[in-house]
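A.B. asks:
Protein chains: 2
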Amino acid sequence: MGIIRKTKAVATVLQIFEEKDEAKSVVHLIELVKDKMNKTTVYRILDRLEQDGAIHSFNGKDGLKWYAKCEGCSASHHSDKHPHFQCTKCDKVECLPLEIKIPSIKNHKVDSTDILLIGQCEVCCA
Amino acid sequence: MGIIRKTKAVATVLQIFEEKDEAKSVVHLIELVKDKMNKTTVYRILDRLEQDGAIHSFNGKDGLKWYAKCEGCSASHHSDKHPHFQCTKCDKVECLPLEIKIPSIKNHKVDSTDILLIGQCEVCCA
DNA sequence: AAATTAATGCAATTGGGTTGCAATTACAAA
DNA sequence: TTTGTAATTGCAACCCAATTGCATTAATTT
Ligand SMILES: [Mn+2]
Ligand SMILES: [Mn+2]
Ligand SMILES: [Zn+2]
Ligand SMILES: [Zn+2]
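Those sequence lines, one after another, are chains V and P.
If you read the first sequence in the numbering used here, its first letter stands for residue 1, the second for the next number, and so on.
If you read the second sequence in the numbering used here, its first letter stands for residue 127, the second for the next number, and so on.
1) Please identify the residue among Leu32/V, Leu29/V, Ile45/V whose C-alpha is closest to the C-alpha of Gly2/V.
2) Residues in its own chain within less than 7 Å of Gln86/V by CB, not counting five upstream and five downstream?
3) Could you tell me which whole beta strand (DSSP E) segments of length 3 or greater appear in the segment 72-97 of chain V?
4) So what's Thr166/P in DSSP terms, helix, strand or just coil?
5) Regarding Gln15/V and ligand 3, is the C-beta to nearest heavy atom distance less than 7 Å?
6) Using alpha carbons as the reference points, say which of Trp66/V, Thr41/V, Met37/V lies closest to Val27/V.
7) Taking contact to mean 3 or more Cβ pairs, one atom from each stretch, closer than 8 Å, check whether the segment 94-113 of chain V and the segment 74-82 of chain V are in contact.
8) Considering only heavy atoms of ligand 2, list every residue whose Cβ is less than 7 Å from one of them, following chain order.
9) Since His56/V and Ala68/V are thought to touch, with beta carbons under 8 Å apart, how far apart are those beta carbons, to the nearest angstrom?
10) For Ala23/V, which residues in the same chain have their Cβ closer than 6 Å to its Cβ, ignoring the five residues on either side in sequence?
11) Are there 16 or more other CB atoms within 10 angstroms of the CB of Val42/V, so buried, or fewer, so exposed?
12) With a threshold of 7 Å on Cβ separation, who are the neighbours of Leu158/P within its own chain once the five nearest residues in sequence on each side are excluded?
13) Using alpha carbons as the reference points, say which of Thr88/V, Leu64/V, Glu71/V lies closest to Asp21/V.
14) Return yes when the C-beta of Val249/P is under 7 Å from any heavy atom of ligand 4, and no when it is not.
15) For Asp114/V, which residues from the same chain have a beta carbon less than 8 Å from its beta carbon, with the 5 sequence-adjacent residues on both sides left out?
16) Is Cys87/V near ligand 4, with its Cβ less than 7 Å from a heavy atom?
17) Tell me whether Lys109/V counts as near ligand 4, meaning its Cβ is closer than 7 Å to at least one heavy atom of that ligand.
18) What is the DSSP secondary structure of Thr239/P, counted as helix, strand or coil?
19) Could you name the residues of chain V that Lys235/P contacts, counting a contact when the two beta carbons are closer than 8 Å?
20) Using a Cβ-based criterion (distance less than 7 Å to any ligand heavy atom), does Lys34/V qualify as near ligand 3?
21) For Leu96/V, which residues in chain P fall below 8 Å Cβ to Cβ?
Below is the structure:
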């Protein structure tokens, strides 16, 4: 079970994801709200928002955890299975609205995929 | 620059990768050789072996760092760009000798990919 | 064999993330 | 509105992978 009470801290975190459709690392999020709440609270709120299907998490290239807004997910069904893109110049991370075909692997059962493309984003490419 | 001197510790670590063609987490490697060398030494040897193109690293689903033997890589050219597979039952990780097609992304330049397939391995499938 | 310096051991430290518990606060029931 | 309750938060301590500084050891060169 995720968010039950709409606290100020929850609203603050949610607004960050509403404002701009861009993934954020937990480390960055903690920095952003460090005057408003404790880091433990940030971790717990992110956990609950993910359980509710409001945001989804994945690992960046450095192994840090990142979160981004979900599109059409719910507590019962997380449908975000897209790849992510991380820029080596500016470190920005984007959700990629595309599907990558995974060939079936003999004698293996693939339940989920974790795909990170690394390179240069639109801004840094130019 | 990677390995310069062939020490006993280097030989020990290398042999682990020669023996069996299977990826190993750093945590597991440290455990395997804990009577023979310090954990710092393990980290440093892995760094140097990777620089030399003898092994390559990637992140497992839990965020831990894993290493596996390289095939045809050298210090100047790391050609290992394959996906990896991690079993949710037994935690084993394999290098997958297959290529996954990445569609080109508008205004982005993709330099490398980090693909982890998660599911059940051959043994755990049966 | 002696000199050089890469490699190692060890203790301390860093940093992301978690846990236990007391204090606070949202919210529903009265 | 007031009260009761349990969800939420703050805080300090902790966990653990990974890194760092530095003195010591050992591989390789001369
Ligand atoms: Mn996403
Ligand atoms: Mn591999
Ligand atoms: Zn960029
Ligand atoms: Zn398995």
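Glycine included, every Cβ here is placed at the ideal spot set by N, Cα and C.
Computed from a predicted structure; not experimentally measured.
C.D. replies: Reading off the structure:
1) Ile45/V
2) If you ignore the 5 residues before and after Gln86/V, its C-beta comes within less than 7 Å of the C-beta of Gly60, Lys61, Val93, Leu116, Ile118, all in its own chain and listed in chain order.
3) Taken in chain order, the complete beta strand (DSSP E) segments of 3 residues or longer contained in the segment 72-97 of chain V are 84-87, 93-95.
4) helix
5) no
6) Measuring from the Cα of Val27/V, the nearest candidate turns out to be Trp66/V.
7) yes
8) Ala149/P, His182/P, Phe184/P, Ala194/P, Asp206/P, His208/P, His210/P, Cys221/P
9) 6 Å
10) Trp66, Ala68, Val93
11) buried
12) Ile142
13) Glu71/V
14) yes
15) Phe58, Asn59
16) At a cut-off of 7 Å, the beta-carbon of Cys87/V does not count as near ligand 4: no heavy atom of the ligand is closer than that.
17) For ligand 4, not one heavy atom lies less than 7 Å from the Cβ of Lys109/V.
18) In the structure shown, Thr239/P adopts extended strand secondary structure according to DSSP, grouped into three states.
19) Within 8 Å Cβ-Cβ: Gly119, Gln120, Cys125.
20) no
21) Ile231
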